[in-house]
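Residue numbers (the numbering used here), protein chains in the order written: chain A, 1 to 442; chain B, 443 to 884. Every residue, glycine too, gets a C-beta built ideally from N, C-alpha and C.
There are 2 protein chains.
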Amino acid sequence: MKIRPISGFPEWLPEQRIVEQKLLDEIRRNFELFGFRPVQTRVVEPLDRLTNNGSTDKEIYIVRRLHADPDEADDKLGLHFDLTVPFARYTLENRGQLVFPFKRYQIQKVWRGERPQEGRYREFYQADIDVIGQDRLPLCFDAEIPLLIHAVTSALPLPPVRVHVGHRKVLEGYYRGLGIDDITPVLRTVDKLAKIGPEAVAQVLVEEQGLDAQRAQRCLALSELRGGLEVIDAVRKLGVEHALLEEGLGELQEVMRAAAELPAGTVVADLGIARGFDYYTGTVYEAFLQGLESIGAVCSGGRYDNLADAGDNAKFPGVGVSLGVTRLLGPLFRREVIAPTRLTPTCVLVVLDKEDSRARSQAVASRLRARGIPTEVFHAAQKYGKQIKYADKLGIPFVWFPGGDDGTGEVRDIRSGEQTPAHADAWEPPSEDRWPQVRGRG
Amino acid sequence: MKIRPISGFPEWLPEQRIVEQKLLDEIRRNFELFGFRPVQTRVVEPLDRLTNNGSTDKEIYIVRRLHADPDEADDKLGLHFDLTVPFARYTLENRGQLVFPFKRYQIQKVWRGERPQEGRYREFYQADIDVIGQDRLPLCFDAEIPLLIHAVTSALPLPPVRVHVGHRKVLEGYYRGLGIDDITPVLRTVDKLAKIGPEAVAQVLVEEQGLDAQRAQRCLALSELRGGLEVIDAVRKLGVEHALLEEGLGELQEVMRAAAELPAGTVVADLGIARGFDYYTGTVYEAFLQGLESIGAVCSGGRYDNLADAGDNAKFPGVGVSLGVTRLLGPLFRREVIAPTRLTPTCVLVVLDKEDSRARSQAVASRLRARGIPTEVFHAAQKYGKQIKYADKLGIPFVWFPGGDDGTGEVRDIRSGEQTPAHADAWEPPSEDRWPQVRGRG
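Written as structure tokens, this is what we have:
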């Protein structure tokens, strides 16, 4: 049978998986440092739940048993295309057993049947966090999210992140203050600013949305504001007044103030963001790697009024972001800007000098592993040169030559050639050599 | 829309996911301590690859785009039902870039469309290791596997494991030495020993396979042998001679000798195992938790001659085992024999005494997190009693009362009530409290 890759379903070499795993571990570690609780959902949802939640159903993969019994009453199932739909269902299903505010993280693969193209995948990892309240959710959770995005990305060998924070209430309040009633088409038009430029946006606002030229210009003036806390005052100087605008500015200010503990420039207020406002109702986030903006937002999300309709009067307001792990990793691999220090977890290769002494080599390995040092015994009593070559190919940094049966021997750093006496119950590798590390290149 | 579980697709509460994640982490850590390299494959394979590999195709879930274009030349795809089929394909696909012997581990979900029943899942985690050679693979890798199974299971709060080791060459050589030519039906019959008992096996061997009563008894005599290294001699005392039998006994002996470093009774030679011999060609393994044998084998596998047909003359002999993570966890959850020490990663809850001092509480949290201590700030300036109640519900062990803006304050262990002065740049929780632990109950 011919073997070929399936377009859109990426697979990595073991050394790339080491990088991916390290990324996933650091994401998880930081999510947990902020007190988020882990959730995994099944990969399938009833098809009607997937198609009911505002997605274009073109993207969905359906799943069924190859030989389903004709009389089988199985629900129609599909693979989840994000982690929000299953999480909403999970929260309703388990609401009686969850502690609210419910801070949860979820790191899983999702599937979308889109036509694959550069940087688009059909199977990819997402790492989501959300905080869900019952009936209400304090704004402090909105303020925490940029801190978390910064913590996650600075734990990795990546360029510094810049988190753009926008706010639906600021835009909507401002437009209403200008006397614009039909907000949605204006938001959609302003959202095209980066793509079609300010003149074209103004033209559409005037010709299609019926704004006069002056109001169109004032919409654009808001969208161009970008910066630190001073942006709040800059909005006020535009001279538009509306209660919703003031509410939004107050909320944006709280999020920006909490960001003051981060390095300057990490978080910027950006009133050009008009994305996702069919879903998000307050704060919105878009995060980019500085200098790698071309790979797109690595993280985005926002505040929403209700995660899911519980069928009673209960509301579940929430705020969250999604980090596109595979969408981040793919370009980093292609650009070769990130690499592991070796191709295997193994830190020490114990040589085998003759078949009879296998027990001795094995005992050294067991002693090292018992102290958390990843160790392999070479599999055949070949010439040392051949054994060292195997270590070299995989980037295993240390080769151990057993001496007595008591765990003594000599250990060679094959990078420097330095060889020293050592005991398997006491020798420690430099801490950066114990497990493979992930490093930025250049 | 009505919400109900989908039979066979288990989901856990966050505190159960903490347990599952800890289990997966320990499995991975031990696989890596033995030098296995990580691989993940896409979840879909071409359908013809899935149905070509000896599985009953009834079990397969097929996957297709909901609105696939009629002229789309997409391959028919299915979800993988194990990790062996995708790994075989992956190894062939990447053989030019892999270093052999290729020690790989793979921890992923798999899907089988079986009718769900007690202890059977349609979606479940498997954790596989395999070592693949080019053309040949030394026996030392067979000998390493029981050490690895012991290392993985003893890192967890589980009863001790017992690894049963059988050997196809011993059984086949013994039968051939008895003059039996058609081996397969005899192996299949002996495999039913535990289910139907020795009399019924003897009866089938005589009536259906045409053995005389004496040879049937000698087959049974082999199958009853179980124990340590002495089993090798016990086989020889049965007085059957065959070159393949001797070869098998030599191999079994090498595996059993390597197990001598483990606690007595951890590894037993068991010539009653006749399972999987349509696939396995040498050593076979079945591992059980002592006292929990009723949940079935938690780990099984063996040696095979060729992982995959490369289309040229290349052979890829291998040896490996698969650990059924979900099949293990499900019964442990149902029996409530395993539980986490708390319901959240959070170690410290920082209280908020008034809205104005949020920055102070937040600064304490940042200092603690920077030193790797999972910390949350309570979200509202409610009465301390309410804030402590939240910590109590989640099992968060420590509550922090901020003092000055310099990180000073007091920390209370809410289990003992003991409260002491502390500084957020210096205070350390007891190491077992830093992250949630997983403990056996009773």
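Is it true that the CB of residue j sits closer than 8 Å to the CB of residue i?
i: residue 88 of chain A; j: residue 314 of chain A; result: no
i: residue 247 of chain A; j: residue 166 of chain A; result: no
i: residue 343 of chain A; j: residue 395 of chain A; result: yes
i: residue 317 of chain A; j: residue 179 of chain A; result: no
i: residue 42 of chain A; j: residue 104 of chain A; result: no
i: residue 811 of chain B; j: residue 61 of chain A; result: no
i: residue 349 of chain A; j: residue 391 of chain A; result: yes
i: residue 549 of chain B; j: residue 729 of chain B; result: no
i: residue 840 of chain B; j: residue 855 of chain B; result: yes
i: residue 522 of chain B; j: residue 552 of chain B; result: yes
i: residue 19 of chain A; j: residue 345 of chain A; result: no
i: residue 319 of chain A; j: residue 82 of chain A; result: no
i: residue 232 of chain A; j: residue 211 of chain A; result: no
i: residue 244 of chain A; j: residue 169 of chain A; result: yes
i: residue 285 of chain A; j: residue 325 of chain A; result: no
i: residue 648 of chain B; j: residue 655 of chain B; result: yes
i: residue 157 of chain A; j: residue 438 of chain A; result: yes
i: residue 593 of chain B; j: residue 475 of chain B; result: yes
Measuring straight from C-alpha to C-alpha, what distance separates residue i and residue j?
i: residue 776 of chain B; j: residue 733 of chain B; result: 16 Å
i: residue 406 of chain A; j: residue 534 of chain B; result: 42 Å
i: residue 367 of chain A; j: residue 423 of chain A; result: 9 Å
i: residue 128 of chain A; j: residue 722 of chain B; result: 42 Å
i: residue 257 of chain A; j: residue 282 of chain A; result: 16 Å
i: residue 635 of chain B; j: residue 126 of chain A; result: 48 Å
i: residue 386 of chain A; j: residue 379 of chain A; result: 11 Å
i: residue 580 of chain B; j: residue 361 of chain A; result: 16 Å
i: residue 417 of chain A; j: residue 388 of chain A; result: 11 Å
i: residue 661 of chain B; j: residue 713 of chain B; result: 10 Å
i: residue 175 of chain A; j: residue 238 of chain A; result: 12 Å
i: residue 746 of chain B; j: residue 819 of chain B; result: 55 Å
i: residue 882 of chain B; j: residue 603 of chain B; result: 15 Å
i: residue 566 of chain B; j: residue 770 of chain B; result: 10 Å
i: residue 332 of chain A; j: residue 117 of chain A; result: 16 Å
i: residue 35 of chain A; j: residue 330 of chain A; result: 29 Å
i: residue 112 of chain A; j: residue 121 of chain A; result: 8 Å
i: residue 870 of chain B; j: residue 814 of chain B; result: 10 Å
i: residue 409 of chain A; j: residue 582 of chain B; result: 22 Å
i: residue 433 of chain B; j: residue 447 of chain B; result: Because chain B here runs from 443 to 884, residue 433 of chain B falls outside it and cannot be looked at.
i: residue 532 of chain B; j: residue 731 of chain B; result: 32 Å
i: residue 868 of chain B; j: residue 806 of chain B; result: 11 Å
i: residue 115 of chain A; j: residue 744 of chain B; result: 41 Å
Among all the DSSP beta bridges, which residues are the ones paired with residue i?
i: residue 712 of chain B; result: B/668
i: residue 361 of chain A; result: According to DSSP, residue 361 of chain A bridges with nothing at all.
i: residue 487 of chain B; result: B/520
i: residue 107 of chain A; result: A/127
i: residue 289 of chain A; result: A/161
i: residue 842 of chain B; result: B/792 and B/853
i: residue 38 of chain A; result: A/105
i: residue 283 of chain A; result: A/167
i: residue 503 of chain B; result: A/65
i: residue 132 of chain A; result: A/102 and A/318
Provide the residue span of the beta strand (DSSP E) that contains residue i, from first to last.
i: residue 300 of chain A; result: 299 to 304
i: residue 780 of chain B; result: 780 to 782
i: residue 420 of chain A; result: 419 to 423
i: residue 881 of chain B; result: 880 to 882
Note the first and the last residue of the continuous alpha helix (DSSP H) segment covering residue i.
i: residue 328 of chain A; result: 325 to 334
i: residue 374 of chain A; result: First-last for residue 374 of chain A: undefined, no H or E at that position.
i: residue 429 of chain A; result: Taken as a continuous stretch (DSSP letters only), residue 429 of chain A belongs to no alpha helix (DSSP H), as it is neither H nor E.
i: residue 197 of chain A; result: 193 to 207
i: residue 615 of chain B; result: 610 to 619
i: residue 592 of chain B; result: 582 to 596
i: residue 689 of chain B; result: 685 to 700
i: residue 417 of chain B; result: The question about residue 417 of chain B has no answer, for chain B in this structure spans 443 to 884.
i: residue 826 of chain B; result: 826 to 836
i: residue 705 of chain B; result: It is not in any alpha helix (DSSP H) - residue 705 of chain B carries neither H nor E in the DSSP assignment.
Is there a C-beta anywhere in chain D that falls below 8 Å from the one on residue i?
i: residue 527 of chain B; result: Note that chain D does not occur in the displayed structure, where the protein chains are A and B.
task: May I ask you to verify whether the region 271 to 291 of chain A touches the region 181 to 198 of chain A, counting CB pairs closer than 8 Å and requiring at least 3?
output: Contact between the region 271 to 291 of chain A and the region 181 to 198 of chain A is present, because at least three Cβ pairs lie under 8 Å.
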